[in-house]
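Data block below; observations after.
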Amino acid sequence: MNLFERLLHYYEIDEEQYKILTRQISFDDIPSFNNFSNIDKACNLVKEHMLRKHKIIVYGDYDADGICGCSILVKMFNILNYHVGYYIPSRYIDGYGINIKKAREIKEKGYELVITVDNGVSAFEAIEYLRNNDIDVLVIDHHEAQDKLPNANYIVHPNISGYTSDLTSSGAFTAFMFSWAMLDKPNEYLATLASISLISDMMPLKGFNRDLMRICINKYKKGKYKSIDLLLNDEKFDDTSIGLNISPKINAV
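Taking our numbering, I'd label the letters of the sequence shown as residues 22 to 274.
This is how it looks when you write it as structure tokens:
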């Protein structure tokens, strides 16, 4: 047995799997956003509100996944030249997920569309309140859902929407795929934020998760995204630096 065969044996993969893992990849290798069964309708809902100049708010979460997901959507709207509000809840004051108190505040501030990211799939009371007050709701989430789903207009979720059945991914990854659908092309910075969430939320680095991670590591260059450079401590951008330098700082906020 030569060295290459011994390495394959050690990592418990065959030569065909090795070729798949080491192949040249691009965004074209990521399964299409069209695999989300209702993403076209969700995009049309958002575009309709934009056309009518309605007030839109993105409701995120306080961990690195939720912050990256919220950032992806806000930046997406910036690219589309549309101003939106956003809210990152406090772990200690607000707790996890959109709640009835915040739903009432959203109504009082005159928002007409709420987009939750990295939360919402279990926010029954808050979403019911919003819908009863003629406020549309789009849920972008990845958490495990109950048998009954909240009364949102649409739910974009890797498993519920049929994007995948055997692999889970992060909330920010799901937000990135939604941004890809809205922008009609992948944005490298938004993809980089999504890749950070894959490590911070300990998603399995398999399939499209691993492919996106490899793409973002290969494309990253110092000086390209100064905000991320500042979190790196002069380390190179890879899964280790994300786990040890970037994610803890975002979570600590």
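Ideal Cβ placement from N, Cα and C applies to all residues, glycine included.
DSSP-derived helix/strand/coil call for residue 263: When secondary structure is reduced to three states using DSSP, residue 263 falls in the helix class.
Bridge partners - residue 106, DSSP secondary structure assignment: BP columns for residue 106 point to 78.
Residue 162 to residue 28 span [Cα, whole Å]: Residue 162 and residue 28: Cα-Cα distance of roughly 38 Å.
Meets three-Cβ-pair contact criterion under 8 Å: the stretch 211 to 230 and the stretch 253 to 265: The stretch 211 to 230 vs the stretch 253 to 265: in contact.
C-alpha gap between residue 69 and residue 83, whole angstroms: Cα-Cα distance, rounded: 29 Å.
CB contact flag (residue 132, residue 76, <8 Å): In this structure, residue 132 lies near residue 76, with their beta-carbon atoms less than 8 Å apart.
Inter-residue spacing [alpha-carbon to alpha-carbon] between residue 142 and residue 254: Cα to Cα, the separation comes out at about 36 Å.
Endpoints, beta strand (DSSP E) assigned at residue 274: Looking at the DSSP string, residue 274 is not in any beta strand (DSSP E), and its letter there is neither H nor E.
Top-ranked residue by Cα proximity to residue 226, from 124, 108, 191, 81: The shortest Cα separation from residue 226 among 124, 108, 191, 81 belongs to 191.
Sufficient close CB pairs (3 or more, under 8 Å) joining the stretch 98 to 113 to the stretch 152 to 160: Remark: fewer than three beta-carbon pairs, one from each stretch, lie closer than 8 Å, so the stretch 98 to 113 and the stretch 152 to 160 are not flagged as touching.
Close-in-space but distant-in-sequence residues of the same chain around residue 54 (CB under 6 Å, 5 per side omitted): These residues qualify, in order along the chain: 60, 198, 201, 202.
Of the residues 220, 32, 207, the one placed nearest residue 189, counting alpha carbons only: Selected option, being the one with the closest Cα: 220.
Cα-Cα separation between residue 250 and residue 22, rounded to whole angstroms: The straight-line gap separating the alpha-carbon atoms of residue 250 and residue 22 is approximately 44 Å.
Backbone CA spacing between residue 224 and residue 110 [nearest angstrom]: Distance from the CA of residue 224 to the CA of residue 110, rounded to the nearest whole angstrom, comes to 23 Å.
Through-space distance from residue 208 to residue 259, alpha-carbon basis: In a straight line, the C-alpha of residue 259 is about 19 Å away from that of residue 208.
Beta bridge counterpart(s) of residue 158 as assigned by DSSP: Residue 158 is bridged to 135.
Reduced DSSP category for residue 181 - H, G, I as helix; E, B as strand; rest coil: Coil, per DSSP.
Distance between beta carbons of residue 121 and residue 147, contact taken as under 8 Å: 5 Å between Cβ atoms; contact.
Continuous alpha helix (DSSP H) stretch holding residue 193: start and end: Residues 192 to 204.
Neighbourhood of residue 50 by C-beta, 6 Å cutoff - its chain only, sequence neighbours within 5 removed: Only residues of its own chain outside the window of five on either side were considered, and among them 232 have a CB closer than 6 Å to the CB of residue 50, listed in chain order.
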